[in-house]
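A.B. asks:
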Amino acid sequence: MLKFIGKRTVQNILVFIVFLTATFFLLQAQPGDITDQFLSNPKITPEVRQQFAERLGLTGTLWEQYVRYMKNFFTGNLGVSFSEYPKEVMDIIAERLPRTLALFLFATFLAFIVGFKSGKLLAWRRGKRGEHVITLTGVFFQTVFYPWFAVVMIWIFAFFLGWFPAGKFLTVDKWLTAERTFDANAVFDRMLLTVLAVAVLIIAAEIIGRRMNSRVAGRRFIWGTRVLTLIALVVWWEAVWPEMIPFALDIAYHLVLPTVTLSFVGFGGWMLLTRASMLETLREDYILTARAKGLPDKVVRDRHAARNALLPVTTSLVIGLAFLIGGGVVTETVFSWPGMGQTLLSAASQQDIPLTIGAFAFIAVLALIAHLVVDIMYMYLDPRIRVGG
Amino acid sequence: MEHILEVNDLTMHYTVKEGEVMAVDDVSFALGRGEALGLVGESGCGKTSVAMSLIRLLADNAEIQKGSIVLDGVDLVPLVEEEMRTHRWADISMVFQGAMNAWNPVYKVGDQIWEAMQTHFPLMTESEARERIAELFRLVGLNPAMMDRYPHEFSGGMRQRAIIAMALSCNPKVIIADEPTTALDVIVQDQILKELKKIQQELGMSIIYISHDVAVIAEVSDRIGVMYAGKLVELGPTDEVFPRPRHPYAYLLLASTPSVKGPRRKLAPLEGEPPNLLHPPAGCRFHPRCPFATEVCATDEPPYTEVDEGHIVACWNWEQVPELGRLEA
Ligand SMILES: Nc1ncnc2c1ncn2[C@@H]1O[C@H](COP(=O)(O)OP(=O)(O)OP(=O)(O)O)[C@@H](O)[C@H]1O
Ligand code: SF4
Ligand SMILES: [Mg+2]
Numbered sequence: 019m020l021k022f023i024g025k026r027t028v029q030n031i032l033v034f035i036v037f038l039t040a041t042f043f044l045l046q047a048q049p050g051d052i053t054d055q056f057l058s059n060p061k062i063t064p065e066v067r068q069q070f071a072e073r074l075g076l077t078g079t080l081w082e083q084y085v086r087y088m089k090n091f092f093t094g095n096l097g098v099s100f101s102e103y104p105k106e107v108m109d110i111i112a113e114r115l116p117r118t119l120a121l122f123l124f125a126t127f128l129a130f131i132v133g134f135k136s137g138k139l140l141a142w143r144r145g146k147r148g149e150h151v152i153t154l155t156g157v158f159f160q161t162v163f164y165p166w167f168a169v170v171m172i173w174i175f176a177f178f179l180g181w182f183p184a185g186k187f188l189t190v191d192k193w194l195t196a197e198r199t200f201d202a203n204a205v206f207d208r209m210l211l212t213v214l215a216v217a218v219l220i221i222a223a224e225i226i227g228r229r230m231n232s233r234v235a236g237r238r239f240i241w242g243t244r245v246l247t248l249i250a251l252v253v254w255w256e257a258v259w260p261e262m263i264p265f266a267l268d269i270a271y272h273l274v275l276p277t278v279t280l281s282f283v284g285f286g287g288w289m290l291l292t293r294a295s296m297l298e299t300l301r302e303d304y305i306l307t308a309r310a311k312g313l314p315d316k317v318v319r320d321r322h323a324a325r326n327a328l329l330p331v332t333t334s335l336v337i338g339l340a341f342l343i344g345g346g347v348v349t350e351t352v353f354s355w356p357g358m359g360q361t362l363l364s365a366a367s368q369q370d371i372p373l374t375i376g377a378f379a380f381i382a383v384l385a386l387i388a389h390l391v392v393d394i395m396y397m398y399l400d401p402r403i404r405v406g407g
Numbered sequence: 272m273e274h275i276l277e278v279n280d281l282t283m284h285y286t287v288k289e290g291e292v293m294a295v296d297d298v299s300f301a302l303g304r305g306e307a308l309g310l311v312g313e314s315g316c317g318k319t320s321v322a323m324s325l326i327r328l329l330a331d332n333a334e335i336q337k338g339s340i341v342l343d344g345v346d347l348v349p350l351v352e353e354e355m356r357t358h359r360w361a362d363i364s365m366v367f368q369g370a371m372n373a374w375n376p377v378y379k380v381g382d383q384i385w386e387a388m389q390t391h392f393p394l395m396t397e398s399e400a401r402e403r404i405a406e407l408f409r410l411v412g413l414n415p416a417m418m419d420r421y422p423h424e425f426s427g428g429m430r431q432r433a434i435i436a437m438a439l440s441c442n443p444k445v446i447i448a449d450e451p452t453t454a455l456d457v458i459v460q461d462q463i464l465k466e467l468k469k470i471q472q473e474l475g476m477s478i479i480y481i482s483h484d485v486a487v488i489a490e491v492s493d494r495i496g497v498m499y500a501g502k503l504v505e506l507g508p509t510d511e512v513f514p515r516p517r518h519p520y521a522y523l524l525l526a527s528t529p530s531v532k533g534p535r536r537k538l539a540p541l542e543g544e545p546p547n548l549l550h551p552p553a554g555c556r557f558h559p560r561c562p563f564a565t566e567v568c569a570t571d572e573p574p575y576t577e578v579d580e581g582h583i584v585a586c587w588n589w590e591q592v593p594e595l596g597r598l599e600a
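Heads up: the sequence lines are chains A and B, in that order. In the numbering used here, each residue's number is its place in the first sequence (first place is 1) plus 18. In the numbering used here, each residue's number is its place in the second sequence (first place is 1) plus 271.
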């Protein structure tokens with residue numbers, strides 16, 4: 019297991035270096051010299067321009083520039099942003115990456131859970147009423163022109179129904195008028211850490227609970243941990259960061275609509291895929307065995323069919339992730355969500371090369387980590403791979 | 272002999288676009304306690320359909336049209352699904368055709384057996400279950416430690432042994448073994464059959480063997496039933512049917528099989544294909560292929576005749592069928 023993760027990590031680092039190299043040369047190949055761009059910009063003095071040139075390694079041959087950039091990159095120096103001068107690219111990314119991460123994680127989770135469950139039921143109830151309608155819905159979400167769909171979602175839920183804010187990360191007035199000693203990032207980072215901690219605890223409980231000798235004790239342990247984790251979450255925020263709670267809720271409220279909208283990108287695909295995979299699984303001999311054993315239908319469906327249908331769906335999770343990353347850029351733009359996607363678009367359109375490369379690089383890191391997580395998940399799910407197969 | 276299972280006039284059809292596939296038609300037989308009954312016939316003659324009807328695990332397009340399946344006094348046919356579920360495995364279990372894939376790849380073999388026991392004996396504790404599985408594993412010739420392994424760590428023969436252990440786990444009244452060894456290589460096949468036979472006799476199990484392979488059936492069963500095109504055409508003690516089949520189809524089937532025991536037989540050809548069960552031939556379903564057919568065969572269905580005690584045959588001209596090895600081609 020560790021060996022596998024190590025091997026994959028090395029592979030991913032190599033892929034990343036290739037990706038970064040390609041990005042570097044592609045952006046360099048754009049017409050015009052970067053420093054020309056800023057001749058007309060009064061904010062940028064000749065000294066600063068010289069500094070840029072050095073920071074980006076614009077002196078010397080292309081090859082020397084490349085080597086210098088890579089060296090700097092891996093020591094954490096990504097240069098200074100042009101468009102948001104004089105912010106460091108690293109600082110901008112540190113601020114925006116968590117927002118994208120949150121959007122991405124929640125949307126993936128939601129899309130996967132809803133897609134998997136509905137695909138499962140769809141296959142199980144094949145030939146019954148409603149099947150075609152739901153399947154067509156899935157096809158619709160998979161093929162719809164996404165920016166249009168995002169705007170429609172805003173129109174319905176923000177303007178027509180008025181349930182959610184139309185965009186942005188927080189309610190500006192609320193934050194400006196309040197007395198506070200912290201900024202939005204501080205609150206948001208704590209929210210994200212909380213969610214990750216909860217996720218880790220729940221997953222760990224699941225793994226330990228399933229390993230337990232007695233099934234009953236295992237289930238009790240899993241549910242106990244879930245409840246305790248939720249209580250601990252509330253107690254912790256009340257005790258440690260009570261003044262942040264209303265602001266955290268404000269951000270969470272703003273997060274709902276973009277998350278749901280983005281999750282629709284993955285939902286249709288995963289539902290159809292689960293349905294296909296589940297129909298395949300239902301034809302397997304071991305499903306017949308399970309039924310012959312007199313197991314209740316729900317057990318046959320969930321413990322035998324769905325559990326195996328999950329394997330191919332997990333493999334394709336990676337493809338779904340690619341769509342979600344693309345959708346993420348659109349979502350952030352449509353919802354004015356100040357994350358990496360929006361940053362990337364604005365940086366690229368303003369020829370802010372250091373920020374563009376930086377944003378690309380971190381989106382790539384995100385994708386590669388997600389890929390690794392999926393691989394590990396697959397190993398955990400399939401004993402044929404897990405147990406020295 | 273007291274009967275544990277009685278099947279009367281069982282008729283089961285599949286509905287397809289083109290019409291009805293008459294896969295099981297008026298099949299009747301009984302299984303005594305501790306008896307091994309073999310069902311034999313060419314591929315597609317409805318053997319698996321009979322087995323699946325007995326445990327009521329039929330495809331969505333299948334329907335039992337009439338008949339009864341009385342298992343230890345309870346007719347299974349009218350039961351609703353939820354009632355039937357409690358009988359499966361606890362009263363009637365199965366070793367499937369092609370059972371190589373009968374294990375769910377993601378769970379340990381022991382857990383899959385335990386799952387069945389847990390369903391039917393909810394009060395059984397985990398340690399009791401493990402003890403029982405260990406005992407079953409020893410019985411079928413497996414190392415009990417294997418129960419904590421995954422199916423892919425088993426060889427084909429081991430998997431099939433474990434399947435047999437699972438079929439025994441809830442002490443069923445009847446076990447159906449549909450092609451229990453067909454997917455295995457010949458040596459393993461033979462070993463497992465011998466052991467299955469031994470276990471059956473030791474435990475006094477009532478079992479129905481199903482195979483297209485006459486040699487297999489002859490080796491393990493006390494009585495033998497020959498199926499053709501959804502019909503049971505001959506039924507009798509193995510000792511009588513095997514050396515002296517009365518039905519022309521049984522005769523040709525046995526004659527075209529090299530004998531396992533007994534004298535070498537002259538191989539007689541069984542020509543043609545079994546009929547499409549969508550439109551089975553009128554009269555006797557075997558008449559287009561039958562060398563003994565007369566006019567009546569094409570129009571009227573032959574009734575069962577008891578040629579000897581407990582030996583029945585459905586043929587108009589059964590008296591014309593010679594002893595094995597005498598057919599002149
Ligand atoms: N779900 C189904 N729908 C329609 N026809 C079916 C279905 N299942 C089986 N049949 C048909 O029913 C007939 C009997 O099939 P069955 O599987 O019972 O035969 P079998 O004797 O077990 O054959 P084999 O030796 O190949 O296992 C065959 O003609 C087959 O094509
Ligand atoms: S009834 Fe006629 S056709 Fe059928 S097996 Fe007997 S002789 Fe042949
Ligand atoms: Mg069969």
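Using N, Cα and C, we set each Cβ at its ideal position, and we do this for glycine too.
Comparing C-alpha positions only, which one of B/300, B/416 and B/451 sits nearest to residue 581 of chain B?
C.D. replies: It is B/300.
A.B. asks: Suppose you measure from the CA of residue 349 of chain A to the CA of residue 454 of chain B; what does that come to, to the nearest Å?
C.D. replies: Going from the Cα of residue 349 of chain A to the Cα of residue 454 of chain B covers about 54 Å.
A.B. asks: Given that a residue counts as buried once 16 or more other Cβ atoms are within 10 Å of its Cβ, and exposed if not, what is residue 591 of chain B?
C.D. replies: When all chains shown are included, residue 591 of chain B counts as exposed.
A.B. asks: For residue 112 of chain A, which option in A/346, A/304, A/376 and A/316 has the closest C-alpha, if you only look at C-alpha atoms?
C.D. replies: Looking at the Cα atoms, A/376 is the closest of the given residues.
A.B. asks: Using alpha carbons as the reference points, say which of B/482, B/459 and B/381 lies closest to residue 499 of chain B.
C.D. replies: Selected option, being the one with the closest Cα: B/482.
A.B. asks: What residue does the alpha helix (DSSP H) around residue 167 of chain A start on, and which one ends it?
C.D. replies: Residue 167 of chain A -> alpha helix (DSSP H) spans 164-172.
A.B. asks: For a test of your reading of the model: does the CB of residue 119 of chain A fall under 7 Å from any non-hydrogen atom of ligand 1? Yes or no.
C.D. replies: No, ligand 1 has no heavy atom inside 7 Å of this Cβ.
A.B. asks: Would you report the Cα separation of residue 257 of chain A and residue 209 of chain A, rounded to the nearest angstrom?
C.D. replies: Computed Cα separation, rounded: 15 Å.
A.B. asks: Going by C-alpha distance, which of B/504, B/328 and B/440 is nearest residue 316 of chain B?
C.D. replies: Out of B/504, B/328 and B/440, B/504 has the C-alpha closest to the C-alpha of residue 316 of chain B.
A.B. asks: Using a Cβ cut-off of 8 Å (strictly closer), state whether residue 150 of chain A contacts chain B.
C.D. replies: Output row for residue 150 of chain A: interface = no.
A.B. asks: Is the closest heavy atom of ligand 3 to the C-beta of residue 313 of chain B under 7 Å?
C.D. replies: No.
A.B. asks: Would residue 307 of chain A count as contacting chain B if we go by Cβ distances under 8 Å?
C.D. replies: So, interface residue.
A.B. asks: For a contact defined as C-beta to C-beta under 9 Å, what are the partners of residue 439 of chain B on chain A?
C.D. replies: Under the 9 Å cutoff, chain A gives no residues; its nearest Cβ is about 13 Å from residue 439 of chain B.
A.B. asks: When we look at the beta-carbon of residue 19 of chain A and count the other beta-carbons within 10 Å, is it buried (16 or more) or exposed?
C.D. replies: By the 10 Å Cβ count, residue 19 of chain A comes out exposed.
A.B. asks: So that I know if they touch, is there some Cβ in chain A lying closer than 8 Å to that of residue 330 of chain B?
C.D. replies: So no, residue 330 of chain B is outside the interface.
A.B. asks: For residue 532 of chain B, does the count of other Cβ atoms within 10 angstroms reach 16, so buried, or fall short, so exposed?
C.D. replies: Bear in mind that the predicted position of residue 532 of chain B carries a pLDDT of just 48, short of 50, making it too unreliable to give a figure here.
A.B. asks: Tell me, please, whether the region 427-446 of chain B touches the region 350-357 of chain B by the rule of three or more beta-carbon pairs shorter than 8 Å.
C.D. replies: Flag = no, the region 427-446 of chain B and the region 350-357 of chain B do not touch.
A.B. asks: Measuring from the CB of residue 588 of chain B, is there a heavy atom of ligand 2 at a distance below 7 Å?
C.D. replies: Correct: residue 588 of chain B has its Cβ closer than 7 Å to ligand 2.
A.B. asks: Just to confirm, does residue 125 of chain A get its C-beta within under 7 Å of one of the non-hydrogen atoms of ligand 5?
C.D. replies: With respect to ligand 5, the structure shown offers nothing to examine, as its ligands consist of ligand 1, ligand 2 and ligand 3.
A.B. asks: Work out the CA separation of residue 137 of chain A and residue 386 of chain A for me, nearest whole Å.
C.D. replies: Taking the straight line from one Cα to the other gives about 27 Å.
A.B. asks: Under the three-state reduction of DSSP, which class applies to residue 279 of chain B: helix, strand or coil?
C.D. replies: Three-state result, residue 279 of chain B: strand.
A.B. asks: Along chain A, which residues have their Cβ under 8 Å away from the Cβ of residue 274 of chain B?
C.D. replies: Under the 8 Å cutoff, chain A gives no residues; its nearest Cβ is about 23 Å from residue 274 of chain B.
A.B. asks: Let me check understanding here. Comparing Cα to Cα, which of A/38, A/384, A/298 and A/304 lies closest to residue 318 of chain A?
C.D. replies: Looking at the Cα atoms, A/304 is the closest of the given residues.
A.B. asks: Quick one: which chain A residues come within Cβ less than 9 Å of residue 575 of chain B?
C.D. replies: What residue 575 of chain B touches in chain A: nothing, since even the nearest Cβ is about 31 Å away.
A.B. asks: Can you name, in chain order, every residue of its own chain whose Cβ lies under 6 Å from the Cβ of residue 403 of chain A, other than the five neighbours on each side?
C.D. replies: Excluding residues within five positions, the ones whose Cβ falls inside 6 Å are 397.
A.B. asks: Would you kindly report the start and end of the unbroken beta strand (DSSP E) that includes residue 337 of chain B?
C.D. replies: Element bounds for residue 337 of chain B: 333-342.
A.B. asks: Figure out for me which residue from A/220, A/196 and A/306 has the closest Cα to the Cα of residue 262 of chain A.
C.D. replies: Of the listed residues, the one whose Cα sits closest to residue 262 of chain A is A/196.
A.B. asks: If we cut at 8 Å on Cβ distances, does residue 520 of chain B have a partner in chain A?
C.D. replies: No, residue 520 of chain B does not count as interfacial toward chain A.
A.B. asks: I'd like to know if residue 412 of chain A contacts chain B, where contact means its C-beta is closer than 8 Å to some C-beta of that chain.
C.D. replies: What is shown of chain A runs 19 to 407, which leaves residue 412 of chain A out entirely.
A.B. asks: Please report whether the beta-carbon of residue 395 of chain B lies at a distance below 8 Å from any beta-carbon of chain A.
C.D. replies: For residue 395 of chain B, the answer is no, since every Cβ of chain A falls outside 8 Å of its Cβ.
A.B. asks: Would you mind telling me which residues of chain A sit closer than 7 Å to residue 365 of chain B, beta carbon to beta carbon, in chain order?
C.D. replies: The answer, in chain order, is 310.
A.B. asks: With a threshold of 8 Å between beta carbons, is residue 398 of chain A in contact with chain B?
C.D. replies: With 8 Å as the cut-off, residue 398 of chain A does not count as an interface residue toward chain B.
A.B. asks: Kindly list, in the order they appear in chain B, the residues whose Cβ is closer than 8 Å to that of residue 304 of chain A.
C.D. replies: Correct list: 372, 373, 374, 375 and 376.
A.B. asks: Whole angstroms is fine: what's the gap from residue 220 of chain B's alpha carbon to residue 141 of chain A's?
C.D. replies: With chain B represented from 272 up to 600, any question about residue 220 of chain B goes unanswered, as that position is not in the structure.
A.B. asks: DSSP three-state call for residue 602 of chain B: helix, strand or coil?
C.D. replies: Outside the displayed range of chain B (272 to 600) lies residue 602 of chain B, so it cannot be described from this structure.
A.B. asks: Mind the definition here: the region 274-285 of chain A touches the region 336-345 of chain A only if three or more C-beta pairs lie below 8 Å; say whether that holds.
C.D. replies: At 8 Å Cβ cutoff, the stretches touch.
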